[in-house]
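Here's the structure we're looking at; comments come further down.
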Amino acid sequence: MMLPPRINLWRDYARRRWGEPVGKIILSTGVPCPHREHGGCSYCWPESFRPYYLQPDRTFEEQLEMGHTYLRQLKIRCFLAGFQQETASAGDWPLLAQRFQTVLKDPACLGLILSTRPDYLSAEFLQRLEALADAWRNKVVVLELGLQTANDKVLAALNRGHTTADFMAAAALVRSHPRFELGAHLMLGLPGETLEDMRHSVEMAIAAGVHHLKLHHLQIVKNTPLARQYSRKPWPLPDADEYLEWLCTLLPEIPSTVVLHRLWSTCRPDLLVAPRWDMDPNRLYQRLAELLGARNIHQGDACLMVPA
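Note that the sequence shown covers residues 6 to 313 in the working numbering.
Right, dumping it as structure tokens:
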């Protein structure tokens, strides 16, 4: 699963930054995403990406310890706490602060990754978070915003509930706090999108000044409005080879300083409708490495824009 240093993958970046392997423990604040009250995103079903240890009958501390246990099996000592389940900035501040402090006090915790929606990030939240994080100046805090696409029509069709302008405003808000690092999440192959749309999405994320980026392909998940739409009228979805071709086009346009936390998604097989690829993640990495090497492609080769 080793890629040559042609792209700036999270695992390699973490080893350079902290001098050892760094894992992630995925956690939840316990507060449901408030956008579900407005119908929710048409592709989203939380069970499809929930780690096995994030069960409602377990306390937050138990979930954290189970994450530790998993990393110990991999012989990984240090971690970042990834609050990517639900919307990490939603909820009452005292509860959120208690959750964040619990993990920041852990000696093995190197920091937080808080995944949230552009329309649920306020100046007040960031001020409180900065004050809280000041007690741990040596620990990183990443705010990851879900852009998904730079096409406002596609955002509306997915019932995302925010616009690209909301994303840029939220990104500027994060960038106004030098204490924080900015991340973004993009989905590739959304209904109605072209490769040019995907390139524009990458361009928007870079223009916003991201330090971290997650990319993944659209997966149609059971029990979602998008799955019902797909069952009524299926549309073409990329196979693994086509998706890797997209990455070969997009990666050169991403500055080499941007850290890539994800390149594809891995939904639970029992919940996945489509696309069903015949490559597991290890084979995907191997095939991508082969393509990048054969074409002498590096992340940032064609980049005309450098994050501020």
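Glycine residues also receive a C-beta, built at the ideal position from the N, C-alpha and C atoms.
> Hey, A162 and P196 are a contact pair by Cβ (cut 8 angstroms); roughly how many whole angstroms apart?
Replying inline: The C-beta distance from A162 to P196 rounds to 7 angstroms, short enough to fall under 8 angstroms.
>> Using a 10 Å radius around the Cβ and a threshold of 16 neighbouring Cβ atoms, would you call T64 buried or exposed?
In response: exposed
>> Between C83 and L109, how many whole angstroms is the CB-CB distance? I'm expecting something under 8 angstroms.
In response: Not a contact, Cβ separation roughly 13 angstroms.
> G194 to L255, Cα distance in whole Å?
Replying inline: Cα to Cα, G194 sits roughly 13 angstroms from L255.
>> For S94, count the other beta carbons within 10 Å of its own beta carbon; 16 or more makes it buried, fewer makes it exposed. Which is it?
In response: buried
> Is there contact between the region 237-255 and the region 206-225, where contact requires at least three CB pairs shorter than 8 angstroms?
Replying inline: yes
>> I need the straight-line Cα distance from A175 to P51, nearest angstrom please.
In response: 24 angstroms
> Bridge partners of C114, per DSSP?
Replying inline: F84
> Residues in its own chain within less than 6 angstroms of M6 by CB, not counting five upstream and five downstream?
Replying inline: Residue confidence is low: M6 scores 47 on pLDDT, short of 50, so the model does not pin down where it sits. Its coordinate-derived value is still stated next. Same-chain partners within the cutoff: N287 and Y290.
>> Measuring straight from C-alpha to C-alpha, what distance separates M192 and E201?
In response: 14 angstroms
> How should Y57 be labelled, buried or exposed, when 16 other C-beta atoms within 10 angstroms of its C-beta is the threshold for buried?
Replying inline: exposed
>> Comparing C-alpha positions only, which one of S236, T168, K227 and P241 sits nearest to D275?
In response: When only C-alpha atoms are compared, the closest one is K227.
> Using the C-alpha atoms, what's the distance from Y18 back to S270?
Replying inline: Whole-angstrom Cα-Cα distance: 20 angstroms.
> Is it buried or exposed for Q24, if we count other Cβ within 10 angstroms and need 16 for buried?
Replying inline: As written in the sequence, residue 24 is Gly, which differs from the Gln given in the question. With fewer than 16 Cβ atoms within 10 Å of its Cβ, G24 is classed as exposed.
>> Starting from S33, trace the beta strand (DSSP E) in both directions and tell me its first and last residue.
In response: V27 to S33
>> Using only CA atoms, which one of K29, T92 and R55 lies nearest to H73?
In response: K29
> Distance, Cα to Cα, R273 vs G151?
Replying inline: 21 angstroms
>> On the DSSP bridge list, what partners appear for L193?
In response: H222
> Are the region 32-45 and the region 140-154 touching, with three or more C-beta to C-beta distances below 8 angstroms?
Replying inline: Contact fails: fewer than three Cβ-Cβ distances are below 8 angstroms.
> Relative to the C-alpha of L14, which residue among L220, A86 and I225 is closest?
Replying inline: L220
>> Does C308 pass the burial test, meaning 16 or more other C-beta atoms within 10 Å, or should it be called exposed?
In response: buried
>> Could you tell me the alpha carbon to alpha carbon distance between G305 and Q153, rounded to whole angstroms?
In response: About 21 angstroms.
> Looking at L249 and R292, is the spacing between their C-beta atoms short of 7 angstroms?
Replying inline: yes
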